[in-house]
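A short write-up of the structure that comes next.
Residue numbers (this note's numbering), protein chains in the order written: chain D, 3 to 401; chain W, 3 to 401; chain Y, 3 to 401; chain L, 3 to 401.
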């Protein structure tokens with residue numbers, strides 16, 4: 003065998019040990035990202051896939067072996083407390099996000115937490131406060147996993163809005179449609195149990211489009227009217243006995259944004275034929291854009307300052323070297339897949355760690371989304387508009 | 003010159019004299035339809051473009067000459083009273099619909115009335131009652147101009163729903179977006195004056211998608227939440243002096259339908275880049291469909307009863323001979339335009355007259371749409387859900 | 003009845019008597035155009051639908067009655083000789099184009115001739131010469147029915163090329179696909195008999211895309227390689243007995259253009275699922291465009307002089323008032339259909355007559371297309387490249 | 003730190019040592035695949051990224067470090083001879099494919115070779131023979147890198163054709179368009195030098211669509227007519243001095259296939275606005291399909307056996323669990339990227355190694371493509387049709 007390659011080839015870059023907690027579908031996607039990021043981007047520090055943690059020792063070990071983690075563990079508290087661990091990546095079900103993230107921040111770790119940040123506003127607020135304190139104290143970076151901000155076409159869209167290419171934003175229309183619950187015979191899972199899942203389609207996929215709307219426009223949602231619905235209220239359980247569905251299948255929101263824009267949101271898990279149809283359109287006085295996750299390499303952009311006869315939505319294939327994240331990848335026209343949103347997320351987290359800066363979306367952004375979801379649910383219950391409080395400028399000391 | 007062609011060639015078909023009241027944009031479109039219908043379809047009776055009526059004698063005469071009407075007039079009351087007139091086609095601004103239609107029905111005429119039926123529920127209810135009485139008394143046909151029902155692809159969609167191809171309908175999402183008010187400097191017109199126009203985008207274009215939602219699904223909207231918005235509240239008047247805009251630029255509705263479906267509606271005149279973007283999607287347990295007016299020859303249809311790996315939205319080009327209305331037109335793939343919705347409407351009206359049957363949408367359907375619009379406006383004012391009363395089965399005697 | 007409208011309302015415009023020869027599918031489309039043109043455009047002269055001529059007296063009379071012609075006839079020679087006839091519109095099968103058109107030109111009539119101009123180069127050359135002589139002698143206008151030049155989006159495309167927006171044209175790729183012969187059991191018709199039809203898909207629909215390629219780029223095809231194919235060589239005749247198919251089902255051409263561009267053409271009547279799929283793409287050094295007849299209101303345009311990261315094909319909805327032909331029609335977004343190409347053609351012919359100018363495409367353009375088709379067939383027979391002679395600058399005296 | 007994960011967790015699967023030769027763009031893509039494959043698929047054997055080999059020691063070491071190879075080397079002969087190496091993956095420029103692949107096969111290695119297999123038919127034939135002998139002797143697997151067969155939508159398309167869903171194939175139209183040479187000022191590279199690159203667009207990207215046409219239909223190309231073109235014959239060299247371009251910028255082929263189908267191919271590097279636009283359409287008597295690499299998760303399929311009024315191209319989003327390769331990836335609608343074709347290729351190679359079977363496309367398939375390219379070039383030179391010899395059933399002994 004020829005010369006061994008060497009970490010020194012990496013040019014003196016530091017290494018951080020990453021611990022992944024949780025190994026479901028999201029764990030797989032995060033693993034792929036951690037495995038890939040340093041091979042595509044010049045990150046500093048470089049991540050080391052140190053340990054994967056799950057509740058069941060055997061399952062965790064199997065997942066660790068399959069996905070390339072150096073070790074496995076079954077006690078997240080020990081992992082979070084381990085001085086060798088630098089970054090805690092939380093991919094557990096949402097009800098445990100708050101506890102794990104709080105512990106990790108308290109232990110001085112950098113944290114990447116899957117969305118939603120928490121199941122309640124109170125938890126989210128505590129976490130946002132904890133993250134601010136940790137940042138101030140130890141420079142810990144806390145990043146929330148709204149990965150769709152890292153689709154290159156979405157980042158490109160944000161740049162266009164930021165540079166004023168849309169003028170004043172008037173309309174946002176966003177939807178996230180899936181169909182895995184369209185069939186009334188699909189059985190119950192923990193995701194359909196409010197106690198476990200916190201909420202249904204609204205919290206799960208609605209949070210993505212609320213974040214995108216606020217991110218892309220740069221404006222908060224201030225008022226919301228919500229309507230939730232469950233088409234199939236009873237489904238067969240594991241033993242065949244019917245059990246109740248206690249979360250929403252679908253939700254519709256009408257919202258007003260701080261700049262006067264009017265926004266609409268629709269989410270559903272019963273939208274037949276729509277697999278993962280996140281679509282967002284933004285109209286401004288000087289331009290408009292549209293994005294569809296099922297064609298995630300494309301951004302439709304209309305420049306309304308062009309001569310009227312030459313206006314039209316143009317399809318930007320977001321694979322040019324000067325498009326966000328693309329310099330690291332393939333030549334133009336060689337499209338990326340969904341998974342690289344996580345690779346880009348890992349890159350941005352590592353960059354923030356390396357440069358000692360904050361990263362966005364942070365936990366305060368997550369709290370902001372949570373406040374909208376909470377207002378939406380209150381609205382759905384009351385049948386009236388609800389105001390969305392601004393995220394507290396100074397949360398005081400978290401518990 | 004060779005042999006003169008002869009009405010007798012038309013095979014003994016009757017003729018009806020049509021009077022058109024109003025000669026704006028809609029008058030032009032209706033004229034094109036009346037001029038065309040008997041040359042494309044085997045209608046019986048055959049229409050004769052007898053007289054065009056407008057308030058200004060000179061303008062009316064010019065429009066009549068241009069569009070091929072045999073005569074012109076400036077007093078609609080005289081036209082409606084003229085025993086030689088069989089059909090009154092009302093294309094005036096909406097505030098005069100009720101008076102003219104009522105007079106025409108009272109005079110025993112068949113009536114085609116542009117949408118919306120009226121500016122208020124009360125007027126609409128009176129007209130619906132009057133139409134029922136006239137139908138019973140003299141067999142008069144009253145048809146409301148929701149012409150988009152006559153897009154072949156839309157009629158094809160209705161057939162698919164009717165034959166159960168979508169299963170149980172769960173979602174309707176409809177929008178009608180235009181951008182002619184996106185520019186804040188666009189001047190005032192009567193359409194932006196509530197006293198003249200009755201309402202803004204909601205009444206004007208919202209009525210179309212509300213009708214389509216009810217028509218395509220076969221279900222009524224029972225409850226509605228509405229939100230209206232005016233982005234530009236002041237615009238330059240004819241003399242350059244700014245004046246107030248008193249109607250909505252945009253509106254968003256959330257609705258529940260009688261069968262439990264959840265429906266959303268958005269209309270805007272400030273949706274930059276969207277010229278005439280009426281789009282409606284319907285999802286059911288067994289299938290889904292989507293239609294876009296800017297590509298009106300196409301219907302997207304997904305059959306969810308196909309093997310899962312072979313499901314996908316298919317684009318039906320609604321130009322086959324067995325598609326609605328198409329046998330009269332060109333070979334497959336030779337697409338139709340927007341204007342033929344009016345030709346088809348004229349055909350269906352003539353057929354109803356000839357066969358002595360009713361036609362749809364009738365004035366009761368128009369009242370149904372008006373009731374939804376009215377509930378939406380009440381909801382927008384109150385910030386709460388509003389129930390939509392069912393159309394009265396027996397309206398009592400109209401005034 | 004009120005005041006009779008009056009020709010004088012038309013403002014002193016002249017009238018021309020139009021005679022239509024032939025009443026198949028094309029006759030129907032032309033009739034719709036003649037019926038419509040003066041009601042949409044301010045044409046001068048105004049056409050009068052004087053007489054429709056067909057070989058069978060009864061059929062001609064029925065068609066005349068149905069389509070609104072004042073009279074019918076069964077002897078085209080008499081019609082062409084009739085001093086009252088000003089314009090002869092030839093919609094017969096292609097083998098009779100030459101004889102009728104020559105007679106009409108000789109009689110001093112304006113001529114609109116359906117494509118292809120003739121079945122042979124010799125005939126086409128004679129007609130082109132005759133048209134030049136007639137133009138010089140009597141100002142007769144001769145227009146060839148390449149109607150797709152009159153699709154607004156196509157005319158818009160031509161304008162973009164003409165204004166240099168594509169830079170130097172390098173690639174043309176054009177196709178015209180249909181599927182009405184995909185089924186091997188479809189019976190024989192005269193269109194599948196070389197003696198009757200002259201040629202198959204190549205002549206029938208290939209002529210359209212060859213004309214478009216030359217028109218849109220402004221350059222001639224100089225050399226061509228052709229390949230023709232018949233998938234189904236025998237089909238059931240009227241009596242069920244199989245008979246031979248003697249024309250091509252499909253053809254493929256490779257061509258070089260005068261400016262060095264490389265062009266490809268494909269036509270087929272056996273392209274399953276393609277109803278009327280004429281698609282043409284043109285790439286130049288500074289831009290590119292694409293057009294599809296099944297979405298004929300749209301033009302895709304890419305401006306390669308924009309910053310690289312903002313380049314993309316934009317969809318121009320060719321329904322703006324400043325787009326070609328559109329000022330006469332409906333508001334933006336209210337789309338046109340296939341038939342409007344004939345209305346625009348009628349308008350342009352009438353304008354040329356009124357202004358005493360020539361019209362394009364003229365018979366020399368038709369000869370140019372015929373020369374390409376002829377070279378393609380010679381190439382297909384010889385298996386070698388064939389040069390396309392330029393249209394003769396001075397054809398000498400036609401017979 | 004918790005328990006170390008262990009190779010034993012991999013369930014007793016074997017490991018193969020992979021050597022990558024070449025580290026350009028293709029090397030990066032292959033590295034990503036080797037790094038990923040065992041984490042997504044249950045491959046047996048499992049690959050070990052043993053050594054990356056390049057001509058320059060420093061560059062090779064840097065690339066090895068960046069992409070995760072355990073070691074680097076600068077002498078491919080030594081690497082190929084190393085008994086520890088099991089698989090040789092050849093990503094060098096095409097002129098060295100033959101020599102390296104022949105040596106690797108002679109040394110009993112499994113070989114993955116990037117396309118094209120070689121620069122000449124003679125080399126390709128020798129390699130095909132060598133591969134057959136090696137397979138017989140040692141069970142060596144030789145796979146050619148036509149990675150687009152491994153796009154899930156393409157594999158799905160192949161399945162549809164194989165199951166007769168298209169009936170008899172009549173038309174193939176394929177194109178592969180890029181625009182990186184559209185600008186005449188783009189400088190010279192080795193790729194534009196015939197001595198280095200063998201050929202231009204035809205060999206580079208044309209080989210992909212020729213392979214796809216033969217693979218998807220299951221039929222060989224028997225006769226071909228070719229035309230090549232160079233738009234820009236002189237470009238600035240490294241020092242600014244103009245130098246000649248000696249390969250084609252674009253090529254067009256017309257071809258006949260063994261089953262009577264007619265096929266067309268177009269490739270270009272000067273197709274403005276087209277980044278990586280590989281598009282292939284196949285029409286058969288019973289159905290049709292279309293695929294576009296820029297939307298590689300989608301397959302358009304039309305079933306012509308459906309009732310005529312319900313036929314239309316449906317968009318299959320190839321992300322369902324029962325679609326090829328998808329069970330290993332994400333939930334429906336979570337799209338894959340271009341790079342995954344290489345991961346799937348690695349999987350299929352490993353599976354073939356593990357199961358002791360052959361893999362496709364093998365070197366004989368590569369020879370088949372080479373024979374078509376060669377015939378196309380001869381045709382372009384002679385201006386006449388050229389027959390494509392069938393791949394020799396028994397090549398005799400390779401040198």
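For glycine and all other residues, C-beta sits at the position ideal for the given N, C-alpha and C.
Remember, it's a predicted structure, so these values are computed and weren't measured experimentally.
List the residues that DSSP assigns as beta-bridge partners of residue i.
i, result
"residue 267/W", "176/W and 255/W"
"residue 145/D", "114/D"
"residue 402/W", "Nothing can be reported for residue 402/W: it is not among the residues displayed for chain W, which extend from 3 to 401."
"residue 50/W", "19/W"
"residue 388/Y", "226/Y"
Can you name, in chain order, every residue of its own chain whose Cβ lies under 6 Å from the Cβ of residue i, other than the five neighbours on each side?
i, result
"residue 89/Y", "18, 20 and 112"
"residue 331/Y", "none"
Leaving out five residues before and five after residue i in sequence, what residues of the same chain have Cβ atoms less than 7 Å from its Cβ?
i, result
"residue 263/Y", "171, 172, 173, 174, 219 and 221"
"residue 298/Y", "153, 155 and 340"
"residue 103/D", "92, 113, 115 and 129"
Tell me which residues share the same chain as residue i and place their Cβ nearer than 8 Å to its Cβ, disregarding the 5 neighbours each side in the sequence.
i, result
"residue 16/W", "46, 47, 48 and 356"
"residue 52/D", "19, 20, 21, 71, 72, 73, 86 and 87"
"residue 61/W", "25"
"residue 384/L", "none"
"residue 245/W", "190, 236, 237, 238 and 239"
"residue 4/L", "Its pLDDT being 39, under 50, residue 4/L is placed unreliably in this model, and the value from its coordinates should be taken loosely. Contacts found: none."
Tell me the residue span of the beta strand (DSSP E) that contains residue i.
i, result
"residue 315/L", "315-319"
"residue 230/L", "223-231"
"residue 19/L", "17-23"
Report, in whole angstroms, the separation of the C-beta atoms of residue i and residue j, which I expect to be a contact under 8 Å.
i, j, result
"residue 360/W", "residue 143/W", "7 Å"
"residue 390/W", "residue 224/W", "6 Å"
"residue 318/L", "residue 158/L", "7 Å"
Identify the continuous alpha helix (DSSP H) that holds residue i and give its terminal residues.
i, result
"residue 244/D", "It is not in any alpha helix (DSSP H) - residue 244/D instead sits in the beta strand (DSSP E) that spans 244-246."
"residue 125/W", "123-140"
"residue 350/D", "342-357"
"residue 104/Y", "99-108"
"residue 90/Y", "Here residue 90/Y belongs to no alpha helix (DSSP H); instead the beta strand (DSSP E) covers 89-92."
Contact between the region 303-314 of chain L and the region 119-128 of chain L (3+ Cβ pairs under 8 Å): no
Cβ contact check for the region 188-198 of chain W and the region 136-144 of chain W: 3 or more pairs under 8 Å: no
Inter-stretch contact (C-beta, 8 Å, three-pair minimum) for the region 247-264 of chain D and the region 251-265 of chain W: yes
At least 3 beta-carbon pairs within less than 8 Å: the region 272-280 of chain L vs the region 287-294 of chain Y: yes
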